[in-house]
Amino acid sequence: MSHETIWYSRPRNYGKGSRSCRVCAHTAGLIRKYGLNICRQCFREKSQDIGFIKVSIYYWRQETPLTSVAPVNLLAWLGS
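In this text, residue positions in the sequence shown follow this note's numbering: the first is 70, and each later residue adds one.
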């Protein structure tokens with residue numbers, strides 16, 4: 070058996086080796102939360118297209134209770 074016949078020969082059904090980025094097929098730095106399965110580099114490029122909004126910590130309201138905490142800009146954007 071040569072090196073080429075045994076390279077990548079074991080089954081990859083679970084674990085880190087079985088998952089890859091759905092955009093670029095990269096296996097490291099994978100974001101699996103919410104079923105994204107996108108590497109962190111592709112997430113930085115595609116996050117606005119997906120619908121994620123970058124919010125600064127300085128825009129959080131201080132007077133609202135913890136149950137209804139929302140960013141000020143997001144509340145203005147939603148129209149409430």
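In this text, a Cβ means the ideal position worked out from N, Cα and C, and glycines have one as well.
query = Are ILE107 and ARG91 touching if we call contact CB-CB under 8 angstroms?
reply = yes
ask   = Helix or strand or just coil, what does DSSP make of ILE122?
value = coil
key: Alpha-carbon to alpha-carbon, LYS115 and SER125   = 19 angstroms
Straight-line gap, GLU73 to ARG79 (C-alpha atoms, nearest Å) = 13 angstroms
ask   = Going by alpha carbons, who is nearest to GLY84 out of ARG101, PHE121, ARG113?
value = ARG101
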